[in-house]
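Scroll down for the structure; my scribbles are underneath it.
In this note's numbering, the protein residues as written are 10 to 105.
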């Protein structure tokens, strides 16, 4: 969740940012007792370059595989644009 908050804060400060999800392997690090395959991170455009910020691990990593960019493209986070679904329940106007 901290990645989403950081993404929103960057956008509020007019810093181009994108929310990225993907897979993060265990390349070049000691083996960990918990799975490290799925990861969410932020990329911010500063001084003409994209920089990756990963709040979960707090250390440089290699071997990231990008899956999705930008919060607006993720279905579960689209509520701020309005829902594309319509209610199937109709109210009876005489009961209002």
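Backbone N, C-alpha and C define an ideal beta-carbon position, used for all residues, glycine too.
From residue 56 to residue 20, what does the alpha carbon distance come to, in whole angstroms?
By 1-based counting over the chain shown, the position of residue 56 is 47. By 1-based counting over the chain shown, the position of residue 20 is 11. In a straight line, the C-alpha of residue 56 is about 16 Å away from that of residue 20.
Assigned secondary structure, residue 50 (DSSP; H/G/I helix, E/B strand, else coil)
The residue you call residue 50 lines up with position 41 of the chain shown. Residue 50 falls in the strand class under three-state DSSP.
Three-state class that DSSP yields for residue 16 in the structure shown:
To locate residue 16, count along the chain shown from 1; it is residue 7. Residue state, collapsed to three classes: helix.
As a quick exercise: from 49, 50, 35, pick the residue whose alpha carbon is nearest that of residue 43.
Here residue 43 corresponds to residue number 34 of the chain shown, with the count starting at 1. Ranking the options by Cα distance to residue 43, first place goes to 35.
Tell me which residues share the same chain as residue 25 and place their Cβ nearer than 6 Å to its Cβ, disregarding the 5 neighbours each side in the sequence.
In the chain shown, the residue the question calls residue 25 occupies position 16. Counting only Cβ-Cβ distances below 6 Å, and skipping sequence neighbours, we find 54.
Buried or exposed, going by whether 16 or more other CB atoms sit within 10 Å of the CB of residue 32?
Taking the chain shown and counting its residues from 1, the one referred to as residue 32 is at position 23. Classification of residue 32: exposed, given that the 10 Å Cβ count is below 16.
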